[in-house]
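Protein chains in written order, with the UniProt record's numbering: chain A, 1 to 318; chain B, 1 to 263.
The beta-carbon is built from N, C-alpha and C at its ideal position, and this holds for glycine as well.
Here the structure is a predicted model, which is why all the values come from computation and not from measurement.
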Amino acid sequence: MTTPAIAARGLRKSYGDKTVLDGIDLAVPAGTVFSLLGPNGAGKTTAVKILSTLVTADAGELHVAGHDLAADPQAVRAAIGVTGQFSAVDGLITGEENMLLMADLHHLSRREGRRVTGELLERFDLVEASKKPAATYSGGMRRRLDIAMTLVGGPRVIFLDEPTTGLDPRSRHTMWQIIRELVTGGVTVFLTTQYLEEADQLADRIAVLHGGRIAAEGSAGELKRLVPGGHVRLRFTDPAAYRSAALALPGTTRDDEALSLQVPSDGSQRDLRSVLDRLDSAGVEADELTVHTPDLDDVFFALTGGAAIPHQPKENAR
Amino acid sequence: MSSLPLAVRDCSTMLRRNLLHARRYPSLTLNLLLTPVMLLLLFVYIFGDVMSAGMGGGGADRSEYIAYVVPGILLMTIGSTVIGAAVSVATDMSEGIVARFRTMAIHRGSVLIGHVVGSVLQSVASVVLVGAVAVAIGFRSKDATALEWLAAFGLLALFALALTWIAVGMGMASPNAEAASNSAMPLILLPLISSAFTPIAAMPGWFQPIARYQPFTPAIETLRGLLLGTEIGNNGWIAIAWCVGLAVLGYRWSASKFGQDTK
């Protein structure tokens, strides 16, 4: 069976005369993590709301877990779990009561409900806080409770809308671990994020949403190959050394003010050695050498018209 | 897919959630209960002498005015309590938890039905509490039979159901709790321009039709008739028509709001 867990063809949605999604095609194989990446306002949340039955699409053939969204939304609902951008917990009641509420709504027996609740509270490290109102939880705890509640019914497809936005680094890594475990269990995860690193870390496939369309789709590696940008950057303090290095390395991009050179490079050991050999034979020594490989930031900015955003290349390795 | 037993189960789950809220945070309910009790004491003990002097050609004493004012106060208690429903529905709708409910395979109406049943139960409890205060300060029914008591209770419950659905609609239509509380204000102000505190005949002529046919007056007159043996006339039918009309209107309004896409 190769029916995708999530399939969309020609998904469109506009609010008034503002087109949010302008014909989107998606196919997410079961048991994988799919990440929808895009800047704020790109329509990521709208896509999640449509696929999770909260909002109706204007047009498009949409299937989730094998069910037609328009024809049988209730069957879709029975198969999915959603953790929205804003925490979907009841702040007035305790964490445990939130979990038992979910168990009741999934029509579990009292005993089964208690068992599942106990297990999930344990797994998400919420046992200690389980008797406190959820409103008193920290951001990370709320998010963990949120996901735990989503898992009560054992959903096969999980939508996570910016699950780590606003979390501190530790909570973010905990959340990543949780998501990886979900996929190991065979669950399909549809993840939206504005953090490129997150998509890089978690997703099997990534789609970049821009201007209501999918600007590019592929694995992180495939996307990175879409943009040029691998280079070695050499910096000098001595203008004379800078000039002779520029002569020794033809084909470099010069930045005379910063006294730095950008040498196109794939970042391999062989390539680096040849650069260094040429510098040695010219008798110059760079004050600083950094290797820059294209990352998702480059892809993202290249695809979403990053000219407006200050491009700050990330130096990956020294 | 959602067969009746499952629908009932979902509704009762939602009801439990709302009652849990009410039990854990009783301050809203108690605040709303304060208004009718204060008004009861105010009108009986502070304005009581003046008010009773204007009744029945003067010479009415305080116990007669207590009897006159209590039916209106009881219905006002309902008007006041359902403001809580408007506020809690509006609060609920602005929270992520309701978005979660919408993405679950549960009975679609259960969220609202849970609110409505919870609010009706709270209204009944509030009416009993205010009724107890009324009895404590000297209210007595006049020869009401068991059947009349039952009918009185039924009327109060039906009235509570009708106002609750309207309040839920107001809550659904409001962007936040403050707006909900404001838009539900008429529910506690309407009794002031009914026959609750003064007879309609004592009001200016042009205003009398408004006071006479607004929802509270027929219900108050019916309750008076049942508990105190006054003339009910066609007030009973008008009251029931109002209740059914308001309940259906409020239900339709709330359901259509709930069915809309989230923003």
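Q) How would you list, in chain order, the residues of chain A whose beta-carbon sits under 8 Å from the beta-carbon of arginine 9 of chain B? A) By Cβ distance, chain A contributes Asp104 and His107.
Q) With a cut-off of 9 Å, does the C-beta of tyrosine 251 of chain B fall near any C-beta of chain A? A) Not closer than 9 Å to any Cβ of chain A, the Cβ of tyrosine 251 of chain B fails to qualify, so no.
Q. Counting Cβ pairs, one atom from each stretch, are 3 or more of them under 8 Å apart for the stretch 157-177 of chain B and the stretch 135-148 of chain B?
A. Output reads no: the stretch 135-148 of chain B does not touch the stretch 157-177 of chain B.
Q. Which parts of the stretch 228-262 of chain A are runs of the beta strand (DSSP E), unbroken and 3 residues or longer, counting only runs that do not cross its ends?
A. Listed in chain order, the complete beta strand (DSSP E) runs (minimum 3 residues) inside the stretch 228-262 of chain A are 231-235 and 253-255.
Q: Check the Cβ of aspartate 58 of chain A against every Cβ in chain B and list those closer than 8 Å, keeping chain order.
A: None at all; the shortest Cβ gap to chain B is about 11 Å.
Q) Comparing alpha-carbon positions, which option in B/Ala184, B/Trp253 and B/Pro209 lies nearest leucine 195 of chain B? A) Per the sequence shown, residue 195 of chain B should be read as serine rather than leucine. With distances taken between Cα atoms, serine 195 of chain B lies closest to B/Pro209.
(Q) Please confirm whether aspartate 261 of chain B has its beta-carbon closer than 9 Å to some beta-carbon of chain A. (A) Taking Cβ atoms only, chain A reaches closer than 9 Å to aspartate 261 of chain B, which makes this a yes.
Q.
Just to confirm the assignment, what range does the alpha helix (DSSP H) spanning leucine 160 of chain A have?
A. Unbroken run through leucine 160 of chain A is the beta strand (DSSP E), 157-161; no alpha helix (DSSP H).
**Q.** According to DSSP, residues forming a beta bridge with arginine 12 of chain A
**A.** Beta-bridge pairing links arginine 12 of chain A to A/Asp22 and A/Ala59.
Q) So which residues on chain A does alanine 105 of chain B lean against when the C-beta distance must stay under 7 Å? A) The contacting residues are Gln74, Arg77 and Ala78.
Q) Does the separation of the CB atoms of valine 208 of chain A and valine 275 of chain A fall below 9 Å? A) If you check the CB distance, valine 208 of chain A and valine 275 of chain A do not come in under 9 Å.
(Q) Rounded to whole angstroms, what is the Cα-Cα separation between valine 55 of chain A and serine 254 of chain B? (A) Rounded to whole angstroms, valine 55 of chain A to serine 254 of chain B spans 18 Å at the Cα level.
Q | Within chain A, the residues that threonine 13 of chain B reaches when beta carbons sit closer than 8 Å | A | What threonine 13 of chain B touches in chain A, judged by beta-carbon distance under 8 Å, is Leu101, Asp104 and Leu105, going in chain order.
Q: Throw me the rounded Cβ distance for the valine 28 of chain A and isoleucine 50 of chain A pair, which I believe falls under 8 Å.
A: 14 Å between Cβ atoms; not a contact.
Q | Own chain residues within Cβ distance below 6 Å of glycine 186 of chain A, not counting five before or after | A | Hits under 6 Å: Gly31.
(Q) Is isoleucine 6 of chain A close to chain B? Criterion is C-beta to C-beta, closer than 9 Å. (A) Cβ-Cβ to chain B under 9 Å: no for isoleucine 6 of chain A.
(Q) Which residues in chain B have a C-beta closer than 7 Å to the C-beta of phenylalanine 86 of chain A? List them in chain order. (A) Contact of phenylalanine 86 of chain A with chain B by beta-carbon distance below 7 Å involves Gly96.
(Q) Can you pull out the residues from the stretch 19-30 of chain B whose beta carbon lies closer than 8 Å to at least one beta carbon of chain A? (A) So the close ones are Leu20, His21, Arg24 and Tyr25.
Q) Taking 9 Å as the CB-CB cut-off, is alanine 255 of chain B touching chain A? A) Look at alanine 255 of chain B: its C-beta is not under 9 Å from any C-beta on chain A.
(Q) Going by C-alpha to C-alpha distance, which of B/Leu34, B/Thr35, B/Val69 and B/Val37 sits closest to glycine 48 of chain B? (A) The shortest CA-to-CA distance from glycine 48 of chain B to any of B/Leu34, B/Thr35, B/Val69 and B/Val37 is the one to B/Val69.
Q. Counting only beta-carbon atoms, is phenylalanine 101 of chain B nearer than 9 Å to chain A?
A. Chain A contact via Cβ: present.
Q | Rounded distance between the beta-carbons of serine 181 of chain B and isoleucine 83 of chain B, thought under 8 Å | A | The C-beta separation of isoleucine 83 of chain B from serine 181 of chain B comes to about 6 Å, placing the pair in contact by the 8 Å criterion.
Q) Given a threshold of 16 other Cβ atoms within 10 Å of its Cβ, counted over all protein chains shown, does serine 110 of chain B qualify as buried or as exposed? A) That one is buried.
(Q) Between leucine 6 of chain B and chain A, is any beta-carbon pair separated by less than 9 Å? (A) True, the Cβ-Cβ gap to chain A drops below 9 Å.
Q: Count the other CB atoms, across all protein chains shown, that sit within 10 Å of the CB of isoleucine 147 of chain A; report buried if there are 16 or more and exposed otherwise.
A: Answer is buried; the Cβ neighbour count reaches 16.
Q.
Is arginine 212 of chain B close to chain A? Criterion is C-beta to C-beta, closer than 9 Å.
A. Chain A, which has no Cβ nearer than 9 Å to the Cβ of arginine 212 of chain B, makes this no.
Q) Can you list the residues of chain B that leucine 92 of chain A reaches, using a CB-CB cut of under 7 Å? A) By Cβ distance, chain B contributes His21, Arg24 and Tyr25.
Q | Beta bridge counterpart(s) of proline 133 of chain A as assigned by DSSP | A | Residue pairing from DSSP places proline 133 of chain A in a beta bridge opposite A/Thr94.
Q | glycine 72 of chain B, buried or exposed, once every other Cβ within 10 Å from all chains shown has been counted against 16 | A | Buried is the call here.
Q: Could you tell me how far apart the beta carbons of aspartate 25 of chain A and arginine 12 of chain A are, in whole angstroms, since I believe they sit closer than 8 Å?
A: No, aspartate 25 of chain A and arginine 12 of chain A are not in contact; Cβ-Cβ is about 11 Å, not under 8 Å.
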